[in-house]
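First residue of the sequence shown: 1, per UniProt numbering; consecutive thereafter. Even glycine gets a Cβ: it sits at the ideal position worked out from N, Cα and C. This structure is a prediction, so every number in the text was calculated from the model and none was measured. Below is one structure, written out as structure tokens, with a few remarks after it.
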Amino acid sequence: MLFLIILLPLLLGTTMVWGLDKLSRLATVIGASALSILCFALLAQYLPDVQNGGDVRYVLDWLPSAGINIDLRLDALSLMFSMLITGIGTLILIYAYYYLSAKNSLAKLYSLLMLFMAAMLGISLSNNLIILLVFWELTSISSFLLVGYWQRYEAAQRGARMALTITGMGGLCMLGGFVLIGQVAGTYQIDQLFERADIIQNSPYFLPILFLVLMGAFTKSAQFPFHFWLPNAMAAPTPVSAYLHSATMVKAGIFLLARLSPIFVGASVYHGIVTAVGLLTLCIGAFLAIFKEDLKGLLAYSTISHLGLIVCLLGIGSPLAIAAAIFHIINHATFKAALFMIAGIIDHETGTRDLRKLSGVWQFLPITGTLAMVACAAMAGVPLTNGFLSKEMFFTELVASHSGFWLMVMTVLATLAGIFAVAYSVRFVHGVFFDAQYGKPLPSPEIHEPAKGMLAPVALLASLCIVVGIFPALTVQGIINQVTTATVQHHDFEHVHLALWHGFNVPLVMSLIATIGGLALYFALAKNGRLRQIDLDPPLGKFRGIYLFDAFLKKLLLFSRYIKKNTETGALQKYLFVILCFSMLMVAIPLFGYDLSQGTRELNHAPIAAIAMWLLLITACLMMLWFHHERIKAVLISGGIGLVVSVTFVTLSAPDLALTQITVDIVTTVLLLMSLSLLPQLTPYESTRSQRWRDAILAIVGGLGLGWLTWLVLTRDHQSISWFFQQQSIPLGGGSNVVNVILVDFRGFDTFGEITVLGIAAIGALCLMDGMRAHGTTMTEGLTYRFNPSPLMMRMAMSWVMPLALVVSLYIFLRGHNLPGGGFIAGLITSIALVIQYMAYGQDRTEHILKVNSGRRYEKWIGIGLCIAGATGIAAWAWGRPFLTSAHIYVSPPLIGKLHLASAAAFDVGVYITVVGATMLLISVLGDSRHSTMSGPMPSGDQS
């Protein structure tokens, strides 16, 4: 069921809205909201299960040998985040229906929001670090698409790129931290890591682990100095901003810190870094928010400030501080989602979000103004709101956790941040709804309250701010204690007791100072309209994060251009020289300190056949060296070398490899010859005498070095692992052909990756060559290459060869699991037969017979093959087995007798179709007449 909660918005949600959108916009919002509510209800059913520290687990084997499984775990912490994601997500979907005009695609926005929701649910429910990272990166990609929703605006494109760059960089760092954690602790399972916190903290790699993980959390949650990307993401539609700031994107880093806090709590460096960064972010964000003229910009910086508050509490790390952080996560989600939606209403009704153009809106939007006052009061921490209670808890824990000089520093900074928070909250209300003295008249007197459906989500959230603020013990106290227990992973702490009045104490004094000071600061700055004239950009200058980011990108671009200018010279010989030198260096470095003398293994005399093959191979290589500038001869000679290698495989009892080598050799030779037909026949001589001597020395050193390494391996005894595959091939894989069983079962994931890469390469070639035209008719300028019909004899022969080749291909495919063959080899044989078909009948007629149009349907073949191979792997989950686990049975149908069936055959079908599709796509692209337009008259005669 947990997996279903993620799959519903990921698969159904992202596709369903497009179908509903064809009916009506109303059907779209109903369908999307119903799906979000369904996820919320599915989560709510687990409330009894997670009480008192319980959890719900779902494990699906993926790569158990590598410790990577789809392991989902629902405890109180993940349940709270998941219900915030789906609950507020539902309100955002309803709000977006009224906010977005009919000319903008509602289905596009909803599908991206559903993708975003699924990614955040995946982060919240993941119990495996690697799976968490997958969903983490999915949030970066989906937020990139959401921020850039309005593609026609440069600000949207810039904000999307910036968000992806910063959060992507953090995700890459976090990947390194997770890998180190897995290596140190021996597991990627989060619940098991809690039990091994001492091992991690005592490891010499603890500091790198901490810094790398914090980089991921800080960049995602916009902590200083990575905070600048968040305000630039305000180019997104307001519903996206509301969702991103309240319950999803920026809360991912917060969730990560909370989830992994049991691993890091107790390490002084963790407490110092996280507390300092959080407090600094709290103050900077609150200060900058005061001076922002754009309502969404003001709210963005306030979000940065509140995220800093939460991070600071998590840095303190005590159970009560974590409880305060959890309480403020809930509170911030409610009032910040409401405020962003209010900002959207103001923009929707008045046509602007600029505070310099807004004033006296209360007379037109009294209901919106009332809701704005409630939400801003919660944001400022005014009594009788939920924000006041969590702010008091923050002050309490900050004072309780420090003493001496640091107590004074922390108290002053926290109070200043409180003053700034009151100031920007008052500016939001006063500057928009009441400040009519200095503002410009509104553009239209016809401004009115929005539709009730647009106000309803805001009213609900604002009501929660008041209800929780007045009745905290009845509403959220139990939730906070349960979530805190799940976060700190023990019950031995003083539970939170929430109340409106805790007596006259230092935190209350700090709150009073913050409230009075914030009011005084705002009205002092706003006097005579001075606040509207303040511009912080010049004083901050080069210390602005956005300036540093732009400067970094500029330097990076200049450095990249310098590297490109000095490396991409267009000389393939130079490229090869650099690659070989670097490869030889990387091989030589690990060999220092090892015994490189000949081993003691007993040697055998070389047979005459081997000597003959060596001489043939040496002769072919020398011929390649001599004729390398004649491209066609070089290709044919390389084919001869491949045949020698095939004979070697046969001699060494590797018939599968020999068949693969021969078929690959034929197909690649055809592809190379087709490619060379678009190029001049001769390779120009580029080497000077000194370069030829240099290259000769490099070739001799590299060849002798590689030969000597091979000799060292062959003259030493080693323990082979082949016995394992020979023993387990039939019991586990159901086949006696060890090579094929390895490819489709034991290492099936590798094969799946390889055919995926093959398909990507073929489609990449299609994209690269689409629209290219090669000119020339002479032997020196280039050969024309068109698949015109060949002579009659060849066409008649092909009518016999093609069916025979397909029968051989089928035979090779069916016997592959027990005898040499398989899907890959069969696919290449089929491709060879189709190539001959092309040569015999011409490309146009052949593709007409195959019902493809200039190769454009071969992409579908690749997709179908990959889907079949992937579906075979996923089917194993139905039986609780890891991905791509093979199954085999024996059946005895009438008239046939005993028959062996293996699920790996279905995987091999996917391999077969992908190989044929990729090969034929490459051939059809190279043979397409559009790529060989003539610059002169077509010569007479067949041009095959």
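Within its chain, find whatever has a CB closer than 7 Å to the CB of residue i; leave out the 5 residues flanking it on each side and keep chain order.
{"i": "Glu137", "result": "Gly171"}
{"i": "Ser143", "result": "Phe116, Ala163, Leu244 and Met249"}
{"i": "Ala343", "result": "Thr238, Leu295, Lys296, Leu299 and Arg353"}
{"i": "Ala765", "result": "Leu922 and Val925"}
{"i": "Gln51", "result": "Gln482"}
{"i": "Val265", "result": "Gly317"}
{"i": "His402", "result": "Met410"}
Would residue i pass as a contact of residue j if the rule is Cβ separation under 8 Å?
{"i": "Met120", "j": "Met174", "result": "no"}
{"i": "Gly159", "j": "Ala235", "result": "yes"}
{"i": "Asp71", "j": "Asp55", "result": "no"}
{"i": "Met613", "j": "Val644", "result": "yes"}
{"i": "residue 957", "j": "Gly285", "result": "Here the chain comprises residues numbered 1 to 944, so residue 957 is not present and cannot be evaluated."}
{"i": "Gly865", "j": "Thr914", "result": "yes"}
{"i": "Asp49", "j": "Ala107", "result": "no"}
{"i": "Leu112", "j": "Leu60", "result": "no"}
{"i": "Gly253", "j": "Leu279", "result": "no"}
{"i": "Met510", "j": "Gly418", "result": "yes"}
{"i": "residue 955", "j": "Tyr98", "result": "The question about residue 955 has no answer, for the chain in this structure spans 1 to 944."}
{"i": "Ser36", "j": "Gly122", "result": "no"}
{"i": "Ala233", "j": "Val147", "result": "yes"}
By how many angstroms is the C-alpha of residue j removed from the C-alpha of residue i?
{"i": "Thr352", "j": "Glu154", "result": "19 Å"}
{"i": "Gln201", "j": "Val274", "result": "16 Å"}
{"i": "Ala32", "j": "Met341", "result": "19 Å"}
{"i": "Gln189", "j": "Asn128", "result": "5 Å"}
{"i": "Phe493", "j": "Trp723", "result": "56 Å"}
{"i": "Gln477", "j": "Glu392", "result": "15 Å"}
{"i": "Ser124", "j": "Ile6", "result": "10 Å"}
{"i": "Leu132", "j": "Ile563", "result": "36 Å"}
{"i": "Leu42", "j": "Leu11", "result": "17 Å"}
{"i": "Glu602", "j": "Ser653", "result": "21 Å"}
{"i": "Leu512", "j": "Val361", "result": "29 Å"}
{"i": "Tyr841", "j": "Thr648", "result": "36 Å"}
{"i": "Phe40", "j": "Ser359", "result": "39 Å"}
{"i": "Ser390", "j": "Gly503", "result": "16 Å"}
{"i": "Leu682", "j": "Ala658", "result": "32 Å"}
{"i": "Gly518", "j": "Leu525", "result": "11 Å"}
{"i": "Tyr438", "j": "Val432", "result": "Note that Tyr438 has pLDDT 45, beneath the 50 cutoff, so the model's placement of it is unreliable and no number is given."}
{"i": "residue 990", "j": "Cys767", "result": "Only positions 1 to 944 of the chain appear in this structure, which leaves residue 990 out of reach."}
From this set, the options, which residue's C-alpha is nearest residue i's C-alpha?
{"i": "Ile666", "options": "Leu814, His490, Leu828 and Thr281", "result": "Leu828"}
{"i": "Gly176", "options": "Pro208, Gln151, Leu580 and Phe813", "result": "Pro208"}
{"i": "Pro423", "options": "Trp406, Leu521, Met796 and Leu84", "result": "In the sequence as displayed, the identity of residue 423 is Ala instead of Pro. The shortest Cα separation from Ala423 among Trp406, Leu521, Met796 and Leu84 belongs to Leu521."}
{"i": "Leu758", "options": "Gly910, Arg601, Val496 and Glu449", "result": "Gly910"}
{"i": "Gly816", "options": "Ala906, Gly369, Val213 and Phe559", "result": "Ala906"}
{"i": "Ile322", "options": "Leu35, Phe255, Gly369 and Glu293", "result": "Phe255"}
{"i": "Cys312", "options": "Trp229, Gly593 and Ala217", "result": "Ala217"}
{"i": "Ile874", "options": "Trp62, Arg25 and Val265", "result": "Trp62"}
{"i": "Val277", "options": "Gln223, Leu314 and Gly570", "result": "Gln223"}
{"i": "Ala66", "options": "Leu288, Phe883 and Tyr858", "result": "Phe883"}
{"i": "Ile763", "options": "Tyr858, Phe291, Gly734 and Tyr838", "result": "Tyr858"}
{"i": "Phe364", "options": "Phe327, Ile447 and Ala414", "result": "Ile447"}
To which residues of the same chain is residue i closer than 8 Å at the C-beta, ignoring the five residues directly before and after it?
{"i": "Cys621", "result": "Ile641"}
{"i": "Asn481", "result": "Ala323, His495 and Val496"}
{"i": "Phe577", "result": "Arg694, Asp695 and Leu698"}
Which residues in the same chain as residue i place their Cβ atom closer than 6 Å to its Cβ, once the five residues preceding and following it in sequence are excluded?
{"i": "Val739", "result": "Asp656"}
{"i": "Pro507", "result": "Glu392, Phe395 and Thr396"}
{"i": "Val468", "result": "Asn386, Thr475 and Val476"}
{"i": "Gly413", "result": "As written in the sequence, residue 413 is Leu, which differs from the Gly given in the question. So the qualifying residues of the chain are Leu279 and Cys283."}
Under 7 Å from any heavy atom of the ligand HEM, does the C-beta of residue i make it?
{"i": "Ala658", "result": "With respect to the ligand HEM, the structure shown offers nothing to examine, as it has no ligands at all."}
Item checked: Stretch-stretch touch, CB-based, cutoff 8 Å, three pairs: the stretch 341–350 with the stretch 257–270 -> Between the stretch 341–350 and the stretch 257–270, the count of Cβ pairs shorter than 8 Å is below three; the stretches do not touch.
Next item on the list: Taking 8 Å as the threshold, find out whether the stretch 317–333 comes into contact with the stretch 388–400 through three or more Cβ pairs.
Entry: The stretch 317–333, when compared against the stretch 388–400, does touch it at the 8 Å Cβ threshold.
Note to self: Quick test of the definition: if touching needs 3 or more C-beta pairs under 8 Å, does the stretch 575–591 touch the stretch 692–708?
What the structure shows: Touching, yes.
Checklist line | At least three beta-carbon pairs within less than 8 Å, the stretch 330–345 to the stretch 297–308 | finding: In this structure the stretch 330–345 lies against the stretch 297–308, because at least three pairs of beta carbons, one per stretch, are closer than 8 Å.
Next item on the list: Check whether the stretch 452–463 touches the stretch 407–426, taking contact to mean three or more Cβ pairs, one atom from each stretch, closer than 8 Å.
Entry: Verdict: no, contact absent.
Check: Per the contact definition of three or more C-beta pairs closer than 8 Å, is the stretch 495–506 in contact with the stretch 460–473?
Finding: A contact exists between the stretch 460–473 and the stretch 495–506.
Margin query: For the pair the stretch 621–641 and the stretch 741–749, tell me if three or more CB-CB distances fall below 8 Å.
Written below: Touching, no, given that fewer than three Cβ pairs across the two stretches are closer than 8 Å.
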